[in-house]
Amino acid sequence: MQRRAFLQSLVGSGVLTQVSSARAEQDAVAPPPVATTHAGPLTFFSVQAAPDLATVSADVVFLGVRSDAGHAGNTGTRLGPNSIREASVIGEGAQPATNDAGFYDWELGARILAGVRLVDAGNLAIPPGAPTVTRERVTAAVATIIGRGAMPIVFGGDHSITFPILRGFRTAPRKVHVIHFDSHHDFGATTGPGDAGGLLYTHGNHLRHGVDLPWVSGITMIGLRGLRRLENAAAEARRRGIQMLSASQVTRMGAEKTVAQIPAAESYYVTFDIDVIDPSLAPGTGTPVPGGFTYYQASELLEAIAAKGHIAGFDMMEVSPPYDFQNTTSRLAGHLIMRFLASVFAARAKGPR
Ligand SMILES: [Mn+2]
Numbered sequence: 000m001q002r003r004a005f006l007q008s009l010v011g012s013g014v015l016t017q018v019s020s021a022r023a024e025q026d027a028v029a030p031p032p033v034a035t036t037h038a039g040p041l042t043f044f045s046v047q048a049a050p051d052l053a054t055v056s057a058d059v060v061f062l063g064v065r066s067d068a069g070h071a072g073n074t075g076t077r078l079g080p081n082s083i084r085e086a087s088v089i090g091e092g093a094q095p096a097t098n099d100a101g102f103y104d105w106e107l108g109a110r111i112l113a114g115v116r117l118v119d120a121g122n123l124a125i126p127p128g129a130p131t132v133t134r135e136r137v138t139a140a141v142a143t144i145i146g147r148g149a150m151p152i153v154f155g156g157d158h159s160i161t162f163p164i165l166r167g168f169r170t171a172p173r174k175v176h177v178i179h180f181d182s183h184h185d186f187g188a189t190t191g192p193g194d195a196g197g198l199l200y201t202h203g204n205h206l207r208h209g210v211d212l213p214w215v216s217g218i219t220m221i222g223l224r225g226l227r228r229l230e231n232a233a234a235e236a237r238r239r240g241i242q243m244l245s246a247s248q249v250t251r252m253g254a255e256k257t258v259a260q261i262p263a264a265e266s267y268y269v270t271f272d273i274d275v276i277d278p279s280l281a282p283g284t285g286t287p288v289p290g291g292f293t294y295y296q297a298s299e300l301l302e303a304i305a306a307k308g309h310i311a312g313f314d315m316m317e318v319s320p321p322y323d324f325q326n327t328t329s330r331l332a333g334h335l336i337m338r339f340l341a342s343v344f345a346a347r348a349k350g351p352r
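In terms of numbering that gives the first Met the number 0, the sequence shown opens at residue 0 and continues consecutively.
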């Protein structure tokens with residue numbers, strides 16, 4: 000049928016008239032308010048913007064590092080920080096300047112993070128073609144945040160950024176045990192043949208550097224899986240006392256038993272590679288591996304870690320929007336961070352950590 004004739008038949012049947020009169024009625028009853036869906040600077044969950052790290056006064060500082068320099072081929076993680084922020088504010092209107100009221104969590108049936116001073120410092124300025132300078136700036140920024148008494152939460156960026164973040168803990172009041180969520184060990188060799196191809200700083204060997212920092216008291220890896228030709232890095236990691244828990248081991252044990260295996264420590268730093276999540280739930284990453292955790296598994300693991308001891312910092316790495324579907328991965332990443340922080344501050348409220 001011709002389109003015109005089809006439309007005329009609809010008019011004749013009264014369908015179009017009914018629809019348009021219903022809409023007219025709706026418009027008359029509820030004129031649309033003049034409002035914007037989101038205004039002001041783009042910040043994570045619309046928290047207060049605090050671009051001056053030197054004077055920041057907060058409990059938590061979110062910081063984006065838009066760097067791809069440590070990734071081998073599938074770049075895109077430089078778009079991660081803003082994508083995580085955008086996904087976190089969809090559907091939200093103008094927000095209050097402070098976080099006094101916190102957020103309502105439908106699954107807990109309660110408000111979380113009320114009164115916790117959350118601020119977003121924006122993205123670190125990244126010079127083009129100078130990854131060494133980038134790493135130095137990351138270290139300086141993290142050290143500044145810690146010096147201000149706040150907890151750094153860094154959005155990557157590729158995972159090579161975690162080493163300069165850990166360097167920034169040099170003057171932190173407590174040593175840190177690193178809890179590494181990742182489908183990969185990221186413990187590749189830095190010289191000679193190996194998983195990282197003999198390159199010094201990549202997203203595949205940041206923990207090989209991190210393990211040597213005197214203020215890193217230990218490392219636990221959670222979520223390992225996949226097939227590799229080489230196992231020399233795993234052997235070296237074991238030799239260095241690193242505990243490696245595979246994704247299937249953790250799935251069998253559950254969150255409580257898994258976290259009970261992490262040694263007691265003065266404080267914990269959690270580095271979270273989004274590829275530890277099953278790729279069907281978090282496709283937006285450059286090196287996906289079959290298998291992996293669900294959102295609930297990861298959320299429960301983080302909750303148990305928050306209850307275990309003092310949490311010194313956190314990073315969310317390898318979110319790569321070009322491979323994502325409907326911002327699913329960015330949204331999942333953002334929610335995990337907020338659920339984790341809710342557990343951290345609920346634990347702190349119960350007593351000193
Ligand atoms: Mn990684």
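Glycine is no exception: its CB is placed at the ideal position from the N, C-alpha and C atoms. What you are looking at is a predicted structure, and each value in this text was computed from that prediction instead of being measured.
Neighbourhood of Ala100 by C-beta, 8 Å cutoff - its chain only, sequence neighbours within 5 removed: Here residue 100 refers to the residue found at position 101 of the sequence shown. Excluding sequence neighbours, Ala100 sits near Arg110 and Ala113.
task: Under the assumption that Ser182 contacts Gly291 (Cβ atoms under 8 Å), give the Cβ distance between them as a whole number of angstroms.
output: The residue labelled residue 182 in the question sits at position 183 within the sequence shown. The residue labelled residue 291 in the question sits at position 292 within the sequence shown. Contact flag correct, Cβ pair sits at about 6 Å.
query: Grouping DSSP H, G and I as helix and E and B as strand, with all else coil, what is Ser279?
result: Translated into the one-based positions of the sequence shown, residue 279 becomes position 280. Correct three-state label for Ser279: coil.
message: With three or more C-beta pairs closer than 8 Å as the rule, is the region 311-319 touching the region 154-164?
response: When Cβ pairs closer than 8 Å are counted between the two stretches, the region 154-164 is seen to touch the region 311-319, the count reaching three or more.
- request: On a CA-only basis, which of Ile145, Tyr200, Leu107 and Glu230 is nearest Val132? Give me that one, please.
  value: Here residue 132 refers to the residue found at position 133 when the sequence shown is read from its first residue. Closest option to Val132, Cα to Cα, is Tyr200.
query: Which value, in whole angstroms, describes the spacing of the CA atoms of Phe324 and Trp214?
result: Translated into the one-based positions of the sequence shown, residue 324 becomes position 325. Translated into the one-based positions of the sequence shown, residue 214 becomes position 215. Those two C-alpha atoms are separated by around 39 Å.
- request: Could you pull out every residue in the same chain whose Cβ sits closer than 8 Å to the Cβ of Ala124, ignoring the five residues on either side in sequence?
  value: Walking along the sequence shown from the start, residue 124 turns up at place 125. Taken in chain order, the residues that qualify are Arg136.
task: Spell out the partners DSSP gives Arg110 in its beta bridges.
output: The residue labelled residue 110 in the question sits at position 111 within the sequence shown. Paired residues: Tyr103.
- request: Could you check the C-alpha separation between Ala254 and Gln296 for me, to the nearest Å?
  value: Here residue 254 refers to the residue found at position 255 when the sequence shown is read from its first residue. Here residue 296 refers to the residue found at position 297 when the sequence shown is read from its first residue. One alpha carbon belongs to Ala254, the other to Gln296, and they sit about 7 Å apart.
query: What are the uninterrupted segments assigned as beta strand (DSSP E) that are 3 or more residues long and contained completely in the region 216-270, given in chain order?
result: Fully contained in the region 216-270 are the following beta strand (DSSP E) runs of length 3 or more, in chain order: 242-245.
- request: Measure the Cβ-Cβ separation of Ala142 and Gly108 and say whether it is below 7 Å.
  value: For the purposes of this step, residue 142 is taken as residue 143 along the sequence shown, with counting starting at 1. For the purposes of this step, residue 108 is taken as residue 109 along the sequence shown, with counting starting at 1. No.
message: Give me the residue from Ser245, Leu78, Ile273 and His309 with the minimum Cα distance to Pro262.
response: As a working mapping, residue 262 is identified with position 263 in the sequence shown. The shortest Cα separation from Pro262 among Ser245, Leu78, Ile273 and His309 belongs to His309.
field: Reduced DSSP category for Met0 - H, G, I as helix; E, B as strand; rest coil
entry: Counting from one through the sequence shown, the residue named residue 0 turns up at place 1. The pLDDT assigned to Met0 is 46, lower than 50, so where the model puts this residue is not dependable; a value taken from the coordinates is nonetheless given after this. If DSSP states are grouped into helix, strand and coil, Met0 belongs with coil.
field: Residue range of the alpha helix (DSSP H) that includes Asn81
entry: The sequence position of residue 81 within the sequence shown is 82, counting from 1. Gly79 to Val88 is the extent of the alpha helix (DSSP H) around Asn81.
Pro321 versus Gly283: straight-line alpha-carbon distance, rounded: For the purposes of this step, residue 321 is identified with residue 322 of the sequence shown, where counting begins at 1. For the purposes of this step, residue 283 is identified with residue 284 of the sequence shown, where counting begins at 1. For Pro321 and Gly283, the gap between their C-alpha atoms comes out near 7 Å.
- prompt: Which residues mark the beginning and the end of the alpha helix (DSSP H) in which Val137 is found?
  reply: Locating residue 137 in the sequence shown gives position 138, counting from the first residue. Start and end: Pro130 to Gly146.
Asp181 in three-state terms, based on DSSP: As a first step, residue 181 is located in the sequence shown; it is residue number 182 there, counting from the start. Residue state, collapsed to three classes: coil.
- request: Could you tell me whether the region 172-189 touches the region 323-341, where touching means 3 or more Cβ pairs closer than 8 Å?
  value: Touching, no, given that fewer than three Cβ pairs across the two stretches are closer than 8 Å.
- request: Could you tell me the boundaries of the beta strand (DSSP E) in which Gly187 lies?
  value: On the sequence shown, position 188 is the one that residue 187 refers to. First-last for Gly187: undefined, no H or E at that position.
query: What is the chain-ordered set of residues for which the beta carbon lies under 7 Å from any non-hydrogen atom of ligand 1?
result: Chain-ordered list of matching residues: His158, Asp181, His183, Asp185, His202, Asp272, Asp274, Met316 and Glu317.
- prompt: How would you label Glu299, buried or exposed, when you count the other beta carbons within 10 angstroms and need 16 or more for buried?
  reply: As a working note, residue 299 is residue 300 in the sequence shown. Label assigned to Glu299: buried.
- prompt: For Gly155, which of helix, strand or coil comes out of DSSP?
  reply: Within the sequence shown, residue 155 is the residue found at index 156, counting from 1. Assignment of Gly155 by DSSP, reduced to helix, strand and coil, places it in the strand class.
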